[in-house]
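A.B. asks:
In UniProt numbering, the protein residues as written are 1 to 98.
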């Protein structure tokens, strides 16, 4: 499974949870959207690829700074918006955690 790894405090929690689940029977390849996310994923021993190495990924996981009642998202306070958008566009599914 290939997973887009977002940036920020919420995405950091997702990376940690995924890292805790890594085992011989559960492996993922991560596509990090920032240097900080890459460092965190490397600490867990995740296999990583660059944004331009695959045309599509299974899912992208990221956070949002704010969500309206109509589910409009405000993102981008962390400065990785362009990389996050590129990764999310490749995802067959997107999971925004708030």
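Cβ atoms here follow ideal geometry from the backbone N, Cα and C, with glycine treated the same way. For clarity, every value in this text was computed on a predicted model and none was experimentally measured.
1. Relative to the alpha-carbon of residue 52, which residue among 31, 13, 1 has its alpha-carbon at the smallest distance?
2. Let me check one thing: in DSSP terms, what residues is residue 32 bridge-paired to?
3. What whole-angstrom Cβ distance do residue 37 and residue 11 have, given they're in contact under 8 Å?
4. Since residue 50 is in the beta strand (DSSP E), which residue starts that stretch and which ends it?
5. Span of the beta strand (DSSP E) holding residue 63?
6. Please report the distance separating the alpha-carbon of residue 18 from that of residue 63.
C.D. replies: Checking against the coordinates, here is how it stands:
1. Nearest of 31, 13, 1 to residue 52, Cα basis: 31.
2. 5
3. 6 Å
4. No beta strand (DSSP E) holds residue 50; DSSP gives it neither H nor E.
5. Per DSSP, residue 63 is one residue of the beta strand (DSSP E) stretching across 59-63.
6. 15 Å
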